[in-house]
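Number of protein chains: 2
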Amino acid sequence: MVTMNDVARAAGVSMMTVSNVLNDRPRVGKETRARVLDVVAHLGYEINLTARHLRAGRTDTVAFVVPGFQTYFDEIADRLAAAFGAQGRHLVVESTGARPENELAALSSVRLSMYDGVILSVAGLTLTEIEGVRTTAPLVLLGEVEVPERFDHVMLANAEGAALATARMLATGSRRIAIAGGDPGGPHDGAGMAAIRRAGWVRAHEGAGLTADPALVAPGAGVGPEVGREAVRHLERSGVDYDGVFAVTDSTAVGVLAGLAEAGRRVPQDVQVVGFDNLDLAEFTVPGLTSVDPGRDAVAHHAARLLQRRIDGATPEPEHVVVPVRLVERGTTRAS
Amino acid sequence: MVTMNDVARAAGVSMMTVSNVLNDRPRVGKETRARVLDVVAHLGYEINLTARHLRAGRTDTVAFVVPGFQTYFDEIADRLAAAFGAQGRHLVVESTGARPENELAALSSVRLSMYDGVILSVAGLTLTEIEGVRTTAPLVLLGEVEVPERFDHVMLANAEGAALATARMLATGSRRIAIAGGDPGGPHDGAGMAAIRRAGWVRAHEGAGLTADPALVAPGAGVGPEVGREAVRHLERSGVDYDGVFAVTDSTAVGVLAGLAEAGRRVPQDVQVVGFDNLDLAEFTVPGLTSVDPGRDAVAHHAARLLQRRIDGATPEPEHVVVPVRLVERGTTRAS
DNA sequence: CTGAAAGCGCTAACAG
DNA sequence: CTGTTAGCGCTTTCAG
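Going line by line, the protein sequences match chains U and F. Just so we're aligned, residue 1 is where the first sequence starts under the working numbering, counting upward by one. Just so we're aligned, residue 337 is where the second sequence starts under the working numbering, counting upward by one.
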């Protein structure tokens, strides 16, 4: 490995001069600079970032830790990358594989010191587990679960969104609205998030003077398409009457649509469907998926802003941002 | 910030002992160990990875650099994370935003020194641009473009897959098979990959004694769903006759299905459709998407293996792996 | 079983 | 405009 020292020696200058050249600092003579660059190219020198990081005390890199690399997070990640890129910082994405122990590891430990800051998307941790975390590193939590007061936190208006979705279907004639995805079968399969969204589903019924029927909560842990399809299959098998489905995520909704097609139910004539996330994909399902838009731009914006102020060294009051949602209407709901 | 020195002082031992305790090295007394751990907990000490990295000369972290965080790459990333995790290494994912200059930056420069190795998914770079790269860091290239001999490279059997897809539709009666996605309108929008797949489309026609009609190459750069939908809209507007569509990626295919629904074409009765990638999503479109499966497990396996041997310090002959593909038949093609 | 010294590669601060 | 000094926080020698 060729070091800065090697370059300095070969160019007949001091290391400092090499450093100054490489960092585009002004006070270096033209010829010296040229000679140094020449030697750099010749020797194939590449700066050792690790050393620079140690010296500088920062890495100019922030991490976005997600439960998995799948959809929804990718659309947040792109926005975060843009936000941090604009500040001259790099974004890296790490996955916990949805394993709570990895989420904890991302929090409590060591790896924080590799980054100037971390945005952790909490999926599997409980409040108590997070309580135990003692870290002073810049950290912002993302996600639809309760977190301790002392952390910065960005979450969605989950219950409101779910209520919005449900109310929309009630308004256009559905009376038996099932809910698919995130059943608390497994502890870390979006169960926390789904519970809040289920509360919104209940609330919307109440708001309309109706009662949500527990028989319409389809079983199945997780929030992927397979859960949505299984939910519909379950409804069909059980013979229960239903004329609407609220899917706790768009990903689930895609499976719901597949299941309904399989069962020969027409959407939206026989069954209306609403998802949550408004993924790019929602525009391309057949029919287009009506979905709750979580304001990803706002989520990314707030996460980046909150992390930034911690990195800047401030120790402000923790902020808990709830990003408002809105309903985007497409073809899986009937005209109102 | 509390350092190892602080811990040592507070525990009345040397730094070395603290280090030994923290690294679970054997030759430390039971009581000493307990005392040290106690102080560590008390002071909230966390090891500084940057310093360890500098000292150790490695970071136990590898990077997967992708054009964007979207689908397909996420499904590779999950597999890579598993493969490297099993070796006690971390995987981080970085996005270039599909900008060639960022791909180059990922290659040539600095950032390589942050990682023990890099897997770069090449999307926008030309052969000449890659030729210019001089790096000795462990590096594996992924992607459907030509790369210099001297790099390890994993790619798919693109032309074969495209031919397979096309031949399948020809075998079940399609005679006018359009191709959607990756038109060389923009230089860095999957154009290289699409060109190879288009060659497979041509070859399949020849194999059947037919000629691919250039009028059936739908315009539109990129490989996302919007391109697929626009492709169908273009075909419809142009009034050209078609009874099959090969979409260069599944993502494109999703848009094609949306476009066909919009145009009132029945799939697969009026128009057959085949995609490429066999995304998890392919099972959940309506109807289910017939798709070329690129053997993602194999891709991830080879990429990890090739990188591993470079990290291990070997300088073996560069390997160029072509991963075989197979066709997964679902509802967008007719029974054969 | 524990400690002291040396240095990984770089840069901030200060001289010259 | 260029060089010297010192040290970021840790771990690998090698002594005790």
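Cβ atoms here follow ideal geometry from the backbone N, Cα and C, with glycine treated the same way. Remember, it's a predicted structure, so these values are computed and weren't measured experimentally.
Original post:
Along chain U, which residues have their Cβ under 7 angstroms away from the Cβ of V610/F?
Top reply: Within the second sequence, the letter at position 274 stands for residue 610/F. Here the premise fails: no neighbours, minimum Cβ distance about 17 angstroms.
Subject >> I647/F versus F409/F, Q423/F, V664/F, residue with shortest Cα-Cα distance >> reply: In the second sequence, counting from the first residue as 1, residue 647/F sits at position 311. Taking only the C-alpha atoms, the option nearest I647/F is Q423/F.
Original post:
Measuring CB to CB, does R470/F end up less than 7 angstroms from A636/F?
Top reply: Residue numbering aside, residue 470/F sits at position 134 when the second sequence is read from its first letter. Residue numbering aside, residue 636/F sits at position 300 when the second sequence is read from its first letter. Cβ distance not < 7 angstroms, so R470/F and A636/F don't count as in contact.
**OP:** Kindly say whether T669/F, judged by its beta-carbon, lies nearer than 7 angstroms to any beta-carbon of chain U.
**Re:** Position 333 of the second sequence, counting from 1, holds the residue named residue 669/F. Answer no: the Cβ-Cβ gap between T669/F and chain U never drops below 7 angstroms.
Subject >> Completely contained beta strand (DSSP E) runs for the segment 570–612 of chain F, where each covers 3 or more residues >> reply: 580–583, 608–612
Subject >> Own chain residues within Cβ distance below 8 angstroms of F420/F, not counting five before or after >> reply: Within the second sequence, numbered from 1, the residue matching residue 420/F stands at position 84. Only V398, H426, L427, A640 meet the Cβ criterion.
Subject >> Selection from A51/U, Y45/U, G220/U, V18/U that minimises the alpha carbon distance to A473/F >> reply: Locating residue 473/F in the second sequence gives position 137, counting from the first residue. Comparing Cα-Cα distances from A473/F to each of A51/U, Y45/U, G220/U, V18/U, the minimum goes to Y45/U.
Original post:
Where does M450/F fall in DSSP's three states?
Top reply: Counting from one through the second sequence, the residue named residue 450/F turns up at place 114. Here M450/F sits in helix by DSSP.
**OP:** In the DSSP assignment, find the beta strand (DSSP E) that holds L54/U and state where it starts and stops.
**Re:** As a position in the first sequence, residue 54/U is number 54, starting the count at 1. Per DSSP, L54/U belongs to no beta strand (DSSP E); it is in the alpha helix (DSSP H), 49–56.
Subject >> the segment 557–573 of chain F contacting the segment 492–512 of chain F, beta-carbon criterion three pairs below 8 angstroms >> reply: no
Original post:
So which residues of chain U does F565/F contact, with C-beta pairs closer than 8 angstroms?
Top reply: Walking along the second sequence from the start, residue 565/F turns up at place 229. Per the sequence presented here, residue 565/F reads as Arg, with Phe not at that position. Neighbours of R565/F on chain U, chain order: F284.
**OP:** Would you identify the three-state DSSP class for E94/U, choosing helix, strand or coil?
**Re:** By 1-based counting over the first sequence, the position of residue 94/U is 94. Reduced to three states, the DSSP call for E94/U is strand.
Original post:
When you compare each of L461/F, V429/F, L492/F to V454/F by their alpha carbons, which one comes out closest?
Top reply: Here residue 454/F is taken as the residue at index 118 of the second sequence, counted from 1. Comparing Cα positions, the closest option is V429/F.
**OP:** Give the straight-line distance between the Cα atoms of P630/F and L506/F, rounded to the nearest whole angstrom.
**Re:** Numbered from its first residue, the second sequence carries residue 630/F at position 294. Numbered from its first residue, the second sequence carries residue 506/F at position 170. Using only the alpha carbons, I get a separation of about 21 angstroms.
Subject >> Closer than 8 angstroms at the beta carbon, the chain F residues around R134/U >> reply: Locating residue 134/U in the first sequence gives position 134, counting from the first residue. Per Cβ cutoff of 8 angstroms: G380.
Subject >> CB contact below 7 angstroms: M114/U versus chain F >> reply: On the first sequence, position 114 is the one that residue 114/U refers to. Yes, M114/U lies at the interface with chain F (some Cβ there is under 7 angstroms from its Cβ).
**OP:** Select from E160/U, E226/U, L307/U, A208/U the residue whose C-alpha is nearest the C-alpha of A180/U.
**Re:** Numbered from its first residue, the first sequence carries residue 180/U at position 180. Closest by alpha carbon: E226/U.
Subject >> Under 7 angstroms between C-beta atoms of F405/F and S431/F >> reply: In the second sequence, counting from the first residue as 1, residue 405/F sits at position 69. In the second sequence, counting from the first residue as 1, residue 431/F sits at position 95. Yes.
**OP:** Over the uninterrupted alpha helix (DSSP H) stretch that includes T471/F, give me the two end residues.
**Re:** Working through the second sequence from its first residue, we reach residue 471/F at position 135. Segment: none, T471/F is in no alpha helix (DSSP H) and carries neither H nor E.
**OP:** Kindly say whether P225/U, judged by its beta-carbon, lies nearer than 7 angstroms to any beta-carbon of chain F.
**Re:** Against the first sequence, residue 225/U aligns to sequence position 225. Cβ-Cβ to chain F under 7 angstroms: yes for P225/U.
**OP:** Tell whether a beta-carbon distance below 7 angstroms holds between F151/U and W201/U.
**Re:** Start at 1 with the first residue of the first sequence, and residue 151/U comes out as number 151. Start at 1 with the first residue of the first sequence, and residue 201/U comes out as number 201. No, the pair does not count as a contact, with Cβ atoms beyond the cut-off.
**OP:** Taking G433/F as the reference, give the member of I196/U, A82/U, L54/U with the closest Cα.
**Re:** The residue labelled residue 433/F in the question sits at position 97 within the second sequence. Nearest C-alpha to G433/F: A82/U.
Original post:
Of the residues A554/F, Y578/F, R391/F, which one's Cα is nearest the Cα of T588/F?
Top reply: In the second sequence, the residue the question calls residue 588/F occupies position 252. With distances taken between Cα atoms, T588/F lies closest to A554/F.
**OP:** Could you have a look at M1/U and say whether DSSP puts it in helix, strand or coil?
**Re:** Indexing the first sequence from 1 puts residue 1/U at position 1. In the structure shown, M1/U sits in coil (DSSP, three-state: anything other than H, G, I, E or B).
**OP:** Within the segment 392–427 of chain F, note down every full beta strand (DSSP E) run reaching 3 residues or more, in order along the chain.
**Re:** 397–402
Original post:
Whose C-alpha, out of G580/F, A530/F, A498/F, is nearest the C-alpha of D606/F?
Top reply: Along the second sequence, read from residue 1 onward, the residue named residue 606/F stands at position 270. Looking at the Cα atoms, G580/F is the closest of the given residues.
Subject >> Endpoints, the beta strand (DSSP E) within which S291/U is located >> reply: Here residue 291/U is taken as the residue at index 291 of the first sequence, counted from 1. Segment 290–293, the beta strand (DSSP E) holding S291/U.
Original post:
Given a threshold of 16 other Cβ atoms within 10 Å of its Cβ, counted over all protein chains shown, does M491/F qualify as buried or as exposed?
Top reply: Stepping through the second sequence from its first residue, residue 491/F is reached at position 155. With 16 or more other Cβ atoms within 10 Å, it is buried.
**OP:** Could you check how far apart the C-beta atoms of A163/U and A123/U are, in whole angstroms? I think they sit under 8 angstroms.
**Re:** If you number the first sequence from 1, residue 163/U lands on position 163. If you number the first sequence from 1, residue 123/U lands on position 123. About 23 angstroms separates the two Cβ atoms, so there is no contact after all.
Original post:
Under a Cβ-count criterion, where at least 16 other Cβ atoms within 10 Å of its own Cβ denotes burial, should P362/F be classed as buried or exposed?
Top reply: Start at 1 with the first residue of the second sequence, and residue 362/F comes out as number 26. That one is exposed.
**OP:** Put S121/U into one of helix, strand or coil per three-state DSSP.
**Re:** Position 121 of the first sequence, counted from the first residue, corresponds to residue 121/U. Here S121/U sits in strand by DSSP.
Original post:
If the cut is a Cβ gap below 9 angstroms, which residues of chain F does D250/U touch?
Top reply: To locate residue 250/U, count along the first sequence from 1; it is residue 250. Within chain F, no residue comes near D250/U; the closest Cβ sits about 11 angstroms away, beyond 9 angstroms.
**OP:** Using the Cα positions of E482/F and R58/U, report the straight-line distance between them to the nearest angstrom.
**Re:** Numbered from its first residue, the second sequence carries residue 482/F at position 146. Numbered from its first residue, the first sequence carries residue 58/U at position 58. Straight-line Cα distance between these residues: approximately 37 angstroms.
Subject >> Cβ-Cβ separation, G255/U to F620/F (assumed contact under 8 angstroms), whole Å >> reply: Position 284 of the second sequence holds residue 620/F. Position 255 of the first sequence holds residue 255/U. Confirmed, Cβ separation roughly 5 angstroms.
**OP:** Determine whether the Cβ of F405/F lies closer than 7 angstroms to any Cβ atom of chain U.
**Re:** By one-based count along the second sequence, residue 405/F stands at place 69. At least one chain U Cβ lies under 7 angstroms of F405/F.
Subject >> Continuous alpha helix (DSSP H) stretch holding D633/F: start and end >> reply: As a first step, residue 633/F is located in the second sequence; it is residue number 297 there, counting from the start. Counting along the chain, the alpha helix (DSSP H) containing D633/F begins and ends at 632–647.
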